[in-house]
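In the numbering used here, the protein residues as written are 255 to 842. Ideal Cβ positions, reconstructed from N, Cα and C, are used throughout, including at glycine. First comes the structure, then the notes that go with it.
Dropping the structure here:
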């Protein structure tokens with residue numbers, strides 16, 4: 255059909271009449287009527303009715319003619335405008351959405367379309383794009399509707415060599431005949447409601463957004479890989495505890511944080527348990543976390559009290575990045591004491607469940623986060639006897655935007671009270687109870703510790719024996735006799751028995767020579783090692799040194815270090831020191 259014989263009128267606008275070169279211009283009938291050109295200043299030349307006069311007409315002598323009126327929008331052709339727009343344009347009318355017009359851009363994408371047929375027949379691509387129901391809504395409501403980023407496959411009836419994306423807007427209009435239509439099938443003798451479909455290409459924007467999402471996904475994957483590589487690949491399993499941990503990064507829209515955990519065997523049966531959270535997201539937070547975790551393991555080898563470890567970490571965190579702060583809990587379990595000694599730097603309280611199922615918070619003492627400086631951290635303790643469990647966690651487990659964090663900790667207490675089973679099972683149950691899914695908006699780290707009750711054969715593999723030493727010349731023989739009897743009762747091999755007696759003798763001799771009362775010899779066996787420890791009241795730690803041939807002392811620690819699997823020393827909380835050594839037991 256010839257679209258120039260039709261006009262499209264938007265609701266609320268006046269209809270206009272386009273001037274045609276083969277039709278005389280009708281003078282305006284009212285004082286407010288407008289035409290596409292000014293009225294003639296004189297009679298038109300013969301044989302040229304309705305022609306537009308010259309821009310300037312002669313007036314009285316010495317006077318210039320008034321300037322010509324500027325062109326108006328009414329003089330423009332809708333057909334010409336829509337035909338030059340690079341966006342896709344289609345005009346339909348009637349309840350069946352019969353096609354009245356498509357512009358050249360539309361035909362270039364989908365190919366030519368026959369006028370007068372229904373949209374379902376002539377414009378099948380609109381049905382594939384899901385626009386026909388939208389056009390029905392527009393026709394009924396008289397309000398425009400928009401759908402964004404609809405995909406048009408490559409080669410969809412046109413010359414496209416790649417997929418395209420378009421945002422389509424359907425606008426209600428009125429389609430009316432301005433003259434006799436050449437095709438009676440599509441003639442409109444009265445105005446019909448119609449829809450103008452306008453498709454703006456957004457392929458470049460969509461592809462840019464996809465490239466950005468792909469880049470963000472790569473960066474997140476790199477951060478997750480870095481984060482997981484900096485976490486323990488396999489937790490150390492202490493002799494007296496059962497531990498398990500889990501780490502879950504935030505959902506795909508959340509950047510990876512700096513959560514970490516660690517389990518460090520300190521020797522003499524003692525174990526350090528660590529959990530922390532670096533504030534911030536992304537690779538930088540993960541990198542800072544890795545440095546702090548490495549520093550914690552180094553400081554732990556010094557066998558310092560928990561508050562001294564955090565004091566060292568506080569200064570180091572400020573040196574690594576003054577703009578980054580971190581929270582941390584550092585706890586040490588001593589099987590001889592049956593307690594957890596801990597210190598906290600701004601971290602959430604760990605929870606302890608007693609053997610009877612009661613859950614309590616280890617909330618004191620706590621200091622500011624690492625990296626703030628100017629604070630003297632202190633240590634506290636909480637019982638962790640046989641049958642007890644503890645959980646250390648990061649804020650992603652309990653923090654919600656619409657709730658107070660104390661409510662989250664209370665929810666964790668209730669979940670922990672009912673979470674039974676092995677530590678790895680407890681981790682999974684806590685995640686489910688707190689509603690942590692793969693789409694969670696923050697990363698989560700959990701460390702669960704259990705001190706099991708040992709019965710039967712397991713109980714036979716764990717023994718303790720201690721002897722108080724009062725000094726004097728009889729102390730060393732008493733210690734040797736005590737060690738020999740205990741090791742014989744534990745049915746060790748003759749070789750291990752003799753090495754154990756020798757190590758106990760050297761450690762007691764060192765304490766008698768350099769230490770002060772009170773003194774104690776403690777022997778402890780687990781399913782994996784024999785531990786010999788001597789404590790006294792002097793806080794000067796021994797060092798291994800090379801003894802000269804003429805020296806009468808200095809060989810005891812060297813002998814112990816040579817025959818034992820490992821040895822070490824530490825200061826005790828009440829003053830004094832403990833010197834220990836270990837012998838690995840043969841498996842099986």
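Integer Cβ distance of residue i from residue j, believed to fall under 8 Å
i: residue 784; j: residue 836; result: 7 Å
i: residue 385; j: residue 424; result: 7 Å
i: residue 477; j: residue 534; result: That belief does not hold up - the Cβ atoms of residue 477 and residue 534 are roughly 11 Å apart, past 8 Å.
i: residue 511; j: residue 697; result: 4 Å
i: residue 643; j: residue 595; result: Residue 643 to residue 595, Cβ: 17 Å. No contact.
i: residue 599; j: residue 622; result: 7 Å
i: residue 766; j: residue 751; result: With 8 Å as the limit, residue 766 and residue 751 do not qualify as a contact, their Cβ atoms being about 23 Å apart.
Buried or exposed by the 16-neighbour rule on C-beta atoms within 10 Å, applied to residue i
i: residue 492; result: buried
i: residue 397; result: exposed
i: residue 561; result: buried
i: residue 754; result: buried
i: residue 827; result: exposed
i: residue 587; result: buried
i: residue 711; result: exposed
i: residue 335; result: exposed
i: residue 824; result: buried
i: residue 728; result: exposed
i: residue 199; result: An answer regarding residue 199 cannot be provided, because it is not within the stretch 255 to 842 covered by the chain.
i: residue 388; result: buried
i: residue 453; result: buried
i: residue 631; result: buried
i: residue 345; result: buried
i: residue 338; result: exposed
i: residue 298; result: Reliability fails at residue 298, whose pLDDT of 41 lies under 50, so the model's placement of it is uncertain and no value is given.
i: residue 664; result: exposed
Beta-carbon proximity list for residue i, same chain, < 6 Å, skipping 5 on both sides
i: residue 702; result: 498, 645, 677, 680, 681
i: residue 814; result: 757, 760, 821, 835
i: residue 528; result: 516, 550, 584
i: residue 637; result: 593
i: residue 400; result: 423
i: residue 392; result: 399, 424, 426, 449
i: residue 300; result: Only weak support exists for where residue 300 lies, its pLDDT of 42 falling under 50; the coordinates are left without a value.
i: residue 559; result: 633
i: residue 658; result: none
i: residue 690; result: 698
Residue from the options with nearest C-alpha to residue i
i: residue 352; options: 333, 373, 344; result: 373
i: residue 762; options: 741, 748, 749, 790; result: 790
i: residue 830; options: 811, 772, 463, 740; result: 772
i: residue 455; options: 476, 463, 354, 418; result: 418
i: residue 347; options: 355, 341, 748; result: 355
i: residue 819; options: 602, 572, 521, 473; result: 521
i: residue 540; options: 474, 565, 460; result: 474
i: residue 615; options: 568, 483, 666; result: 666
i: residue 719; options: 391, 548, 359, 589; result: 589
i: residue 495; options: 350, 627, 359, 524; result: 524
i: residue 591; options: 640, 736, 469; result: 640
i: residue 619; options: 635, 545, 692; result: 635
i: residue 547; options: 841, 569, 484, 777; result: 484
i: residue 749; options: 839, 730, 782, 487; result: 839
i: residue 403; options: 462, 650, 573, 377; result: 462
i: residue 841; options: 503, 458, 459, 780; result: 780
i: residue 501; options: 662, 708, 817, 650; result: 650
i: residue 610; options: 674, 832, 565; result: 674
i: residue 482; options: 573, 503, 782, 629; result: 503
Residues sharing a beta bridge with residue i, DSSP
i: residue 356; result: 344
i: residue 604; result: 616
i: residue 777; result: 719, 786
i: residue 448; result: 347, 427
i: residue 691; result: Answer is none; residue 691 lacks a bridge partner.
i: residue 637; result: 593
i: residue 646; result: 701
i: residue 422; result: 401, 453
i: residue 553; result: Residue 553 pairs with nothing; no bridge assigned.
i: residue 624; result: 580
i: residue 513; result: 531
Distance cut-off 7 Å: residue i Cβ against heavy atoms of the ligand FAD
i: residue 333; result: Judged by which ligands are present, the structure shown has none, so any question about the ligand FAD falls away.
Same chain, Cβ closer than 7 Å to residue i, neighbours up to 5 away in sequence not counted
i: residue 810; result: 760, 763, 764
i: residue 670; result: 605, 607, 613, 645, 684
i: residue 544; result: 484
i: residue 733; result: 721, 723, 758, 759, 762, 775
i: residue 704; result: 495, 496, 643, 677
Same chain, Cβ closer than 8 Å to residue i, neighbours up to 5 away in sequence not counted
i: residue 576; result: 625
i: residue 812; result: 798, 799, 800, 801
i: residue 381; result: 373, 374
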